[in-house]
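> Line by line, the protein sequences give chains A and B.
So for the first sequence, the working numbering puts the first residue at 275; every next one is plus one.
So for the second sequence, the working numbering puts the first residue at 3; every next one is plus one.
Here's a structure for you.
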Amino acid sequence: MMRRIESRVDPRSPEFQRFREANLKRVGEFRSRQEKARFERPQRDLDRLEHHGKLFVRERIERLLDPGTPFLELSSLAANTEYGGEAKSASVVTGIGIVSGREVMIRADDPSIKAGAWYPLTVKKTVRCLDIAIENRLPVVHICDSAGGFLPLQAEMFADRQSAGRIFRNQSILSKMGVPQLSLVFGQCTAGGAYIPSLSDYAVILRGNGGIFLGGPPLVKAATGEIVDADTLGGADVHTQISGVADYAANSEEEAILLGREIVSQWTRTEKTSIERRESEAPLYDPQELYGIIPDDIKIQFDMREVIARIVDGSYFHEYQPDYGTTLVCGYAYIWGQKVGILANNGVLFNDSSLKGAHFIELCDKNRTPLVFLQNITGFMVGQEYEARGICKDGAKFIMVQSGASVPKFTVMVNGSFGAGNYGMCGRAYDGRYIFSWPNHQVGIMGAEQAANTLAEVKIRQLERAGEKPTDDEIDAIRTPIIESYAQESSAYYATSHLWDDGLIDPVDTRNALGIAISTSLNTPIEPPSYGVLRL
Amino acid sequence: MGYDFQLQGETHRVHPLYELDRIRLSIGGRTVEADLAPTTEDGAYSLEIDGREERVFAVTRGDVHFIHLRGRVHRVESINALERARHAAQPSGGDEVLRAPMPGTVVAVAVAEGDRVESGALLVTIESMKLETALTAPHSARVAEVCVAPGANFNQGDALVRLAAEADEEEETSR
C-alpha cells in the first residue's frame with residue numbers, strides 16, 4: 275500500500291521544452307556514439323571476417339539469446355576516449371541476457387578489431403564482467419575469438435592484481451561457487467586466452483577456425499624449432515578426441531551456438547532470494563518526461579521525486595522522514611515488482627540528511643530490501659557551523675553504514691557526482707552490484723570552476739611569495755587549461771571509457787536496466803546485517 | 003477499513019465481505035452480492051449484482067476508472083484514504099517566513115512586495131555549494147516583504163521572503 279508521487283512538472287512550460295531539447299540532443303549524441311561503437315568497422319576488417327566465414331560479434335550474440343528477450347549490454351562505450359578510439363567497446367561485448375530460459379553473462383571477443391586483440395581496458399572490462407558474474411552468481415557464456423594481448427601495451431595489462439591473471443582467477447572462483455561457464459571457441463585462443471576454455475566447465479570448439487594452444491605455431495618454432503600447423507597443434511579434433519581440453523566439436527558457428535544453447539539448458543536454475551514483491555505495473559508518469567526534467571545546466575537544482583516517479587511501478591513511493599534532512603529523499607518503491615529502498619539527492623548533504631541516509635540504509639538492510647542510489651550530489655556541506663556540528667563524523671556514519679550494508683546496492687548517476695558525496699551515495703569504490711550513468715552525468719573530486727580556482731589560488735600565492743604579482747591574463751592562463759582538461763575528464767564519456775560505471779544508458783531505459791540488475795542480484799543469498807563502529 | 007470511491011462528486015465507501023465462494027459488498031448500509039468475471043470475447047466483463055447480470059467495459063488510467071455500463075460511461079475514482087486524511091488535516095496557509103536552508107548568495111528574486119503567488123510559484127533563486135536552488139511558495143499567498151536583493155549573501159536561517167495569508171490581505175492593507 276503506497277501513495278503515488280504527485281508530479282509538479284508542467285510539460286508545456288518553456289523551461290521543460292528547453293531542457294527536453296537539450297537532453298534529446300545529449301541522448302542523440304549518445305545513441306550515435308553507441309551505434310558507431312557497435313557497428314562501425316573498416317570495410318577491410320568486415321571483409322576479412324566474411325572471408326574466414328565468421329559472423330559479426332553482435333550476430334553471434336543475437337543468435338545465442340532467446341528470441342524476443344532483452345539484452346542488457348554493459349559498458350558499450352568502454353575505451354571510447356582511449357587508443358585513438360579504435361578499440362570500440364574495448365574490443366569485447368559483455369552483457370546479461372536470457373539463454374535457454376536462464377539469466378547468463380555473455381562475454382564475446384570482437385575479432386573485427388585488431389583480430390580481437392585485448393587492450394588494457396579489454397582486460398578491465400572482462401574482469402569487471404566476471405566480478406559481476408561472481409557477485410550475482412551468473413553463469414557465463416564466453417565467445418572466444420582473440421589474437422591475445424595487444425603486445426605494445428602489455429605492461430599495462432599483465433602483472434597487476436586486477437590485470438589479465440584476474441580473469442582466470444575469477445573463472446576459477448566461479449567454478450568453485452558452482453556457477454557454470456561455457457566457452458564457444460570460434461577463433462584462436464592463444465597463451466593466456468587458452469585458459470578461458472580450459473577453465474570453463476563446458477567448451478565447444480569450431481573445426482577450422484577454432485584453436486587452443488599455450489603457444490601458437492610461431493612461438494613454438496622460436497622456442498623449440500618444432501614446425502607445426504595450427505590445426506595439428508590445437509584444432510577441434512585434437513582437443514575433443516585426444517587432449518580433452520574441449521568437449522564438443524562443431525562444423526559451423528550456427529551449429530556451435532545451437533549446441534551451446536542445448537548445453538546451457540542442462541544447467542540447474544538457481545532459486546531467487548526472497549524479497550517483497552508485487553505485480554509489476556508501468557509508472558503512472560511517462561518516462562519520456564525525464565528529458566524535460568533534467569536541466570540543461572548542471573548548476574540548476576531539480577526535484578528527484580520527479581525522476582523517481584518515472585522509474586518506479588505505478589509512480590508509487592512511500593517516503594520516509596519527508597520533513598527531516600530534506601536534501602536526501604528516502605523511501606520505498608517497486609521496480610518491475612521488486613521492492614527497493616531508494617536514496618536520492620535533492621541538494622547538498624547536511625548533518626541531518628547524512629544521518630537520515632545512514633538510518634534509512636539500516637532499515638532497508640534489516641528489512642532485506644535492496645538499495646537504489648540516485649546520485650546528483652555536489653558534496654557534503656562545508657563551513658564553520660557544519661564542521662562544529664560534526665559534518666565529518668555524520669558523513670562518516672553514512673559512509674560506514676552504506677559500506678557495511680549486506681543487501682544488494684545499485685547506483686544511477688543521474689546528473690552530478692562530486693566529492694565525498696560520491697562515496698556516501700555508493701560510488702564505484704563501494705561495491706554496488708551495478709552502476710549506470712546518464713549521458714549528461716559529470717563526476718569529479720570537485721567542480722571544474724572550484725578546482726581551477728583552488729589551483730589558481732595556490733599558484734598565485736607561490737608567485738607572490740617569490741615577489742611577483744600575476745596579471746589577470748596570467749591568472750586566466752592558469753585557469754583556462756585546468757577548466758578544459760577538467761571538463762573532458764569529468765564527462766560521462768570519459769568515466770564510462772575507464773569503466774568507472776557499467777555503462778551509459780538512455781534515461782528512459784533506467785527502469786528496465788534496474789529491473790534486470792535487481793533480478794540478477796537475487797541469485798545470491800543476502801548475508802545478515804553487520805556494521806563497523808559508528809562515531810556517535 | 004473500506005475502500006473509497008468518488009462517483010459524480012460524491013464519495014462512497016465500500017466494505018467487501020469475503021465468504022467462501024462469493025463476495026458481498028456493503029455500500030452505505032446496503033449489502034449486495036457481487037461477482038465480476040472476464041468474458042471470452044471483446045474485453046468485456048460480466049458483472050453480476052444480486053443475481054442480475056450486466057456486460058461492462060472498464061478502462062483504467064492511474065486511479066481513475068471509466069466504466070461503460072448500459073450505454074453510459076461512469077467516471078469512478080479510487081481515493082487513497084491516507085491521502086484524503088492528510089489533505090483534510092492540513093492547516094490553511096498562514097503568515098510565513100521563507101528562510102534560507104543554507105548559507106549562500108541570491109541569484110534572482112522573482113517576486114515583489116504585494117505580488118500574489120500560487121502554490122509552487124518561484125520566489126527566489128539562490129546559489130550555494132555550486133547549486134542553484136529555486137525556492138517556491140509552499141501555498142498560495144501574498145508577498146508581504148522581500149528581504150534580500152540579487153547578489154546579497156545570507157546565512158542559514160536568514161529570512162528571505164515574508165508571505166502573508168491571502169485572507170489577511172484586507173486587514174494588512176487597512177493598517
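All C-beta atoms, glycine included, are put in the ideal place defined by N, C-alpha and C.
None of the values given here were measured: they were computed from a predicted structure.
For the region 74-87 of chain B, enumerate the residues whose C-beta is nearer than 8 Å to any C-beta of chain A, in chain order.
Result list: N82, L84, E85.
> For the region 664-719 of chain A, which segments carrying the beta strand (DSSP E) assignment without a break, of at least 3 residues, lie completely within its bounds, in sequence order?
683-692, 708-711, 716-718, all fully within the region 664-719 of chain A.
> Tell me the start and end of each unbroken beta strand (DSSP E) in the region 381-449 of chain A that is at least 3 residues and wholly inside, in chain order.
List check, beta strand (DSSP E) in window: 414-420.
> DSSP three-state label for B/S176, please.
Here the question's residue 176 of chain B lines up with position 174 in the second sequence. Low local confidence applies: a pLDDT of 43 at B/S176 is under 50, so the model's placement there is unreliable, and no value is given.
> Bridge partners of B/E12, per DSSP?
By 1-based counting over the second sequence, the position of residue 12 of chain B is 10. Looking at the DSSP assignment, B/E12 forms a beta bridge with B/L9.
> Closer than 8 Å by beta-carbon distance: list the chain B residues that pair up with A/R277, in chain order.
Position 3 of the first sequence, counted from the first residue, corresponds to residue 277 of chain A. The contacting residues are N82, L84, E85.
> Is A/I574 close to chain B, meaning its C-beta is less than 7 Å from at least one C-beta of that chain?
Your numbering for residue 574 of chain A matches position 300 in the first sequence. Yes, A/I574 counts as interfacial toward chain B.
> Would A/T685 and A/C666 qualify as a contact pair, given that the criterion is a beta-carbon distance under 7 Å?
Looking up residue 685 of chain A in the first sequence gives position 411. Looking up residue 666 of chain A in the first sequence gives position 392. The answer is no: Cβ separation not under 7 Å.
> With DSSP as the reference, identify every bridge partner of A/G369, one or two as the case may be.
Here the question's residue 369 of chain A lines up with position 95 in the first sequence. Per DSSP, A/E347, A/I380.
> What does B/L162 reach in chain A if we use C-beta pairs closer than 8 Å?
Taking the first residue of the second sequence as 1, we reach residue 162 of chain B at position 160. Those within 8 Å of B/L162 in chain A number zero; the least Cβ separation is about 15 Å.
> Can the beta-carbon of A/A632 be found less than 7 Å from the beta-carbon of A/K671?
If you number the first sequence from 1, residue 632 of chain A lands on position 358. If you number the first sequence from 1, residue 671 of chain A lands on position 397. Taking 7 Å as the Cβ cut-off, A/A632 and A/K671 qualify as a contacting pair.
> Nearest CA to the CA of B/L133: which residue from A/T652, A/E763, A/I673?
Here residue 133 of chain B is taken as the residue at index 131 of the second sequence, counted from 1. Among A/T652, A/E763, A/I673, the Cα nearest to that of B/L133 is on A/T652.
> Would you give the residue range spanned by the beta strand (DSSP E) that A/Q455 belongs to?
In the first sequence, residue 455 of chain A corresponds to position 181, counting from 1. A/Q455 -> beta strand (DSSP E) spans 455-464.
> Which residues of the region 281-303 of chain A have a Cβ closer than 7 Å to any Cβ of chain B? Give them in chain order.
Listed by position along the chain: R282.
> The alpha helix (DSSP H) spanning A/R753 covers which residue range?
Reading the first sequence from its first residue, position 479 is the one you call residue 753 of chain A. Segment 746-763, the alpha helix (DSSP H) holding A/R753.
> Is there a Cβ of chain B sitting closer than 7 Å to that of A/L558, yes or no?
Here residue 558 of chain A is taken as the residue at index 284 of the first sequence, counted from 1. So yes, A/L558 belongs to the interface.
> With distances taken Cα to Cα, identify the nearest neighbour of A/K733 among A/T400, A/I756, A/T506, A/K546.
Position 459 of the first sequence, counted from the start, is the residue given in the question as residue 733 of chain A. Answer by Cα proximity: A/I756.
> Mind checking A/N249: buried by the 16 CB within 10 Å criterion, or exposed?
Residue 249 of chain A cannot be examined here, being either before or after the span of chain A that is shown, 275 to 810.
> Does any residue of chain A have a CB that is nearer than 7 Å to the CB of B/G64?
Residue mapping note: residue 64 of chain B aligns to position 62 of the second sequence, counting from 1. Yes, B/G64 lies at the interface with chain A (some Cβ there is under 7 Å from its Cβ).
> Taking only three categories from DSSP, how would you classify A/N650?
Here residue 650 of chain A refers to the residue found at position 376 when the first sequence is read from its first residue. Three-state result, A/N650: strand.
> Answer with buried or exposed for A/Y393, where buried requires no fewer than 16 other C-beta atoms within 10 angstroms of its C-beta.
Residue numbering aside, residue 393 of chain A sits at position 119 when the first sequence is read from its first letter. Buried, by the Cβ-count rule.
> In this structure, how does DSSP classify B/P40 when only helix, strand and coil are distinguished?
Translated into the one-based positions of the second sequence, residue 40 of chain B becomes position 38. Strand at B/P40.
> Which residues in the same chain have their Cβ closer than 7 Å to the Cβ of A/D570, if we skip the five residues on either side of it in sequence?
Along the first sequence, one-based indexing puts residue 570 of chain A at 296. Once the five neighbours on either side are set aside, the close Cβ partners of A/D570 are R292, F293, A296.
> In whole angstroms, what separates the C-alpha of A/A311 from that of A/S711?
Sequence index remark: in the first sequence, residue 311 of chain A carries index 37 (1-based). Sequence index remark: in the first sequence, residue 711 of chain A carries index 437 (1-based). When rounded, the distance between both Cα atoms is 17 Å.
> Which of the residues in the region 653-666 of chain A, read from start to end, lie with their CB under 8 Å from any CB of chain B?
Against chain B - using a Cβ distance shorter than 8 Å - the residues of the region 653-666 of chain A are G653, M655, V656, G657, E659.
> Quick check: A/A725 and A/I752, are their CB atoms within less than 7 Å of each other?
In the first sequence, residue 725 of chain A corresponds to position 451, counting from 1. In the first sequence, residue 752 of chain A corresponds to position 478, counting from 1. No, they are not a contact pair.
> Under three-state DSSP, which class holds B/V108?
Here residue 108 of chain B refers to the residue found at position 106 when the second sequence is read from its first residue. Three-state result, B/V108: strand.
> Closer than 8 Å by beta-carbon distance: list the chain B residues that pair up with A/V622, in chain order.
Start at 1 with the first residue of the first sequence, and residue 622 of chain A comes out as number 348. Simply M104, S130, M131, L133.
> Along chain A, which residues have their Cβ under 9 Å away from the Cβ of B/Q8?
The count along the second sequence starts at 1 and reaches residue 8 of chain B at position 6. Ordered by position in chain A, no residue passes the 9 Å Cβ test against B/Q8, which lies about 16 Å from the chain.
> Do we get a CB-CB distance below 7 Å when we pair A/G721 with the residues of chain B?
By one-based count along the first sequence, residue 721 of chain A stands at place 447. Output row for A/G721: interface = yes.
> In terms of residue numbering, what span does the alpha helix (DSSP H) encompassing A/C638 cover?
Numbered from 1 along the first sequence, position 364 holds the residue referred to as residue 638 of chain A. Start and end: 625-640.
> For A/Q724, go through chain B and note every residue whose CB falls closer than 8 Å to its CB, in chain order.
Sequence index remark: in the first sequence, residue 724 of chain A carries index 450 (1-based). The contacting residues are K132.
> May I have the straight-line CA-CA distance separating A/R274 from A/V538, to the nearest angstrom?
Since the displayed chain A opens at 275 and closes at 810, residue 274 of chain A lies outside it and no answer follows.
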